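Chains P and S are the protein sequences, given in the same order.
Numbering of the first sequence is given in this note's numbering, commencing with residue 1 and proceeding in unit increments.
Numbering of the second sequence is given in this note's numbering, commencing with residue 1001 and proceeding in unit increments.
Below you'll find the structure, written out as structure tokens, and then a few comments.
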Amino acid sequence: MQLSLTLPRRSSASVLLSMTHPNKELFYRQRALLRRAVPAGFPSPADDYVGQRISLDEHLIGRRESTFFMRVAGDSMRGLGIFDGDLLVVDKALPATHGCVVIAVVDGEFTVKQLLCTPEGQVLRAAHPDYPDMHIKPEQDFTIWGVVSWNVHKH
Amino acid sequence: MIQKPVIRRAIALVDCNNFYVSCERLFRPDLEGRPVVILSNNDGCVVSRSQEVKDLGVPMAAPWFQLKDMAKKHGIIAFSSNYTLYADLSNRVMRLLSQFSPEQEVYSIDECFLELTGMKELTRYAQHMRSTLRQCVGIPVCVGIAASKTLAKLANHVAKKQPGYNGVCNFNELPEDQLDALLDKISAGEIWGVGRRTSLRLQEMRITTALALKRAPAKRIRAEFGVVLERTVAELNGTACLELDEITPPRSQIICSRSFGVSVSNLPELEQAVIAYTSRAAEKLRSQHSLASCIQVSLRTNLHKPQEPQYQSAITVPLSAASDDTRLLCRAALSGLRHLYRSGYAYQKTGVMLSGIIAAAERPRTLFDDVAAQEKSGALMTTLDQINRRMGSGTVQLLGEGIRKNWAMKQRNMSRRYTTELNELATAHA
């Protein structure tokens, strides 16, 4: 025989959780656990090991506010595994340092390239033998829009 | 006796510069430095202008058709308003700003108040806010800091208009005489809460500047204008009377009405539009966890074409029980529309308004409630909203809304929804 006990709609435990949890999502998940019927029979041996399913969103998007997606057009970055049609995860908050793959604005257009910081100035380098380095001249219309943190390629 | 140190109140107003234009430029860096305007629904009037357009003397709300020659001459680029994009970027800005203060009041899509009382080096702190927003979301903002909300608004106005302040104006740091000199240059009509009629009446009393209103005798203002303007005077004198509202109360009315792209005279097309608008309104209703008790439908012809026969009317249809079910709301709206409809007119606009709004948790229970049906409807609506949120709005809709929407708004120059639609992302050239 199984006895089951269901907590009332807004139990004192859930109120307590809501007060101590600034993280709403976590609160609801925990409340859901609390609301489950509790069997009085043999407990499931897996209950202590309940994990959260992996979320790519959480993994790939560090800062939700500063993360944007872009679509790649062209094959000049093949050498770094970035292909035509790939999805780029771009974080504007990341500092653009030597060696980063960046989204740069050159003459009003977005381009994805590797950033090199040399004593002679900044260089945008493609990852393809056919594309020469682009040396940024001081008078050129140039800004770094964001840093590419991941690219997603469909096989 | 120990005296408590007096801590000066510090409230910041953060306002995005030419917000809609800034949003468009974020994904169109080629538009930097070029004149850009954003047009209202149906491409009617100018609702946001870049600095270049302001410099050309184009006023806010100018009708676009009157500007066409000027636009050609100066190469003004016009966009239809892309509210999906603006709302997403606004949410990012507001969430980032909320990290700078324990209390935030989101006042509109592009401005919010922050409580900064007790914090040190506020001007530097505000500059840090600006650079964070610039870096993380790419939206430029100005910050005004003062001892009251009304003054913070004015400080923001100064920060925007006078480049010397570099985007941050802190009234609390200014000596009294300098502050007064600034207020002397701002007309009374610019003050938050002073409408056009009030400012005309103030003019008759020779109160034309913010400084004059600040110095006006509070008693006289109260006698002439009432307690609201008296409070404004106190706020101008640095006494905060208006607190930050952190939680926006659920809206007591939800309106969805738009002009048609082309005039419509047959009933089936009007029905499609009414179903579409009701669906949008019901979505908003559910997103704030509320139910509506009534739905009002309105219909009118083009008032700007007096040579055509004119007709306008509205009707309120009560629901048998408060609901958030799109199907029930649409049924009520359609019965209202059929009541209003007269053939032989060219209609220009229809709209629906949900009212009698209550929280879903407070749904009144009656003896005849079909609880099973209510639960089924709730589940269906939740699924509908989830699909439309995930796959893009309008993925699942009532068939009555129509597939080919001949009446739909004119939005000729809508930019892409760069942040909410996977197939409309910005392109990075490799």
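Beta carbons are placed, not taken as given, at the ideal position from N, Cα and C, and that holds for glycine.
Fair warning: this is a prediction, and the values are worked out from it, not measured in the lab.
{"Query": "Environment of Cys-1169/S [buried if 16+ CB atoms lie within 10 Å]", "Result": "buried"}
{"Query": "Any chain S beta carbon closer than 8 Å to Phe-142/P", "Result": "no"}
{"Query": "Distance between Leu-80/P and Gly-1144/S (C-alpha atoms, nearest Å)", "Result": "46 Å"}
{"Query": "Delimiting residues of the alpha helix (DSSP H) encompassing Ala-1091/S", "Result": "What sits at residue 1091/S in the sequence shown is Asn, not Ala. Its alpha helix (DSSP H) spans residues 1083 to 1098."}
{"Query": "Where Ile-1387/S falls: helix, strand or coil (DSSP)", "Result": "helix"}
{"Query": "For Leu-1013/S, three-class secondary structure by DSSP", "Result": "strand"}
{"Query": "Alpha helix (DSSP H) segment containing Ala-1066/S, residue limits", "Result": "One detail in the question is off: residue 1066/S reads as Gln in this sequence, not Ala. Start and end: 1064 to 1074."}
{"Query": "Sheet register partners of Lys-113/P (DSSP bridge)", "Result": "Val-102/P"}
{"Query": "Neighbourhood of Val-1141/S by C-beta, 7 Å cutoff - its chain only, sequence neighbours within 5 removed", "Result": "Val-1014, Asp-1015, Cys-1016, Asn-1017, Arg-1130 and Leu-1133"}
{"Query": "Neighbour list for Arg-53/P in chain S, Cβ cutoff strictly below 9 Å", "Result": "Those do not exist, as Arg-53/P stays about 17 Å from chain S at its closest Cβ, beyond 9 Å."}
{"Query": "Residue environment, Lys-1153/S, which counts as buried when at least 16 other CB atoms sit within 10 Å", "Result": "buried"}
{"Query": "Residue interval of the beta strand (DSSP E) (run including Cys-1256/S)", "Result": "1254 to 1264"}
{"Query": "Beta-carbon proximity check, Arg-1286/S vs Asp-1385/S, cutoff 8 Å", "Result": "yes"}
{"Query": "Counted within 10 angstroms of its Cβ, other Cβ atoms place Val-1194/S as buried (16 or more) or exposed", "Result": "buried"}
{"Query": "Distance, Val-101/P Cα to Arg-71/P Cα", "Result": "14 Å"}
{"Query": "Same chain only: Cβ atoms within 7 Å of Glu-1032/S, ignoring 5 sequence neighbours per side", "Result": "Arg-1025"}
{"Query": "Burial state of Lys-1073/S (16 or more Cβ within 10 Å)", "Result": "exposed"}
{"Query": "Beta-carbon spacing of Leu-1354/S, Ala-1273/S below 8 Å", "Result": "no"}
{"Query": "Separation of Ala-1379/S from Leu-5/P, as counted between CA atoms", "Result": "Its pLDDT being 44, under 50, Leu-5/P is placed unreliably in this model, and the coordinates cannot settle the point."}
{"Query": "As assigned by DSSP and simplified to three states, the class of Asp-1180/S", "Result": "helix"}
{"Query": "Closer than 7 Å at the beta carbon, the chain P residues around Val-1141/S", "Result": "Ordered by position in chain P, no residue passes the 7 Å Cβ test against Val-1141/S, which lies about 14 Å from the chain."}
{"Query": "3-residue-minimum beta strand (DSSP E) runs that sit fully inside the stretch 1317 to 1373 of chain S, ordered along the chain", "Result": "1347 to 1355"}
{"Query": "Inter-residue Cα distance where the pair is Glu-1308/S and Arg-1342/S", "Result": "14 Å"}
{"Query": "Chain-order list of residues whose beta-carbon lies under 6 Å from that of Glu-1111/S (same chain, five-residue window excluded)", "Result": "Asp-1015"}
{"Query": "Interface residues of chain P facing Gln-1135/S [CB-CB closer than 7 Å]", "Result": "Lys-92 and Ala-93"}
{"Query": "Contact set between the stretch 121 to 139 of chain P and chain S, restricted to residues whose Cβ is under 8 Å from the partner", "Result": "Ala-126"}
{"Query": "Cross-chain neighbours of Ala-73/P in chain S, by beta carbon under 8 Å", "Result": "Thr-1427, Ala-1428, His-1429 and Ala-1430"}
{"Query": "Ile-186/P at chain S interface by Cβ criterion, 8 Å", "Result": "Here chain P covers residues 1 to 155 and nothing more, so residue 186/P does not appear."}
{"Query": "Within 8 Å, strictly: CB atoms of Leu-1334/S and Ile-1315/S", "Result": "no"}
{"Query": "Contacts around Ser-149/P, its chain only, beta-carbon distance under 6 Å, and the 5 residues preceding and following it disregarded", "Result": "Val-89 and Asp-91"}
{"Query": "Cβ pair Ala-1359/S, His-1289/S closer than 8 Å", "Result": "yes"}
{"Query": "Which listed residue (Thr-1420/S, Ser-1298/S, Ala-1012/S and Asn-1423/S) has its alpha carbon closest to that of Thr-1123/S", "Result": "Ala-1012/S"}
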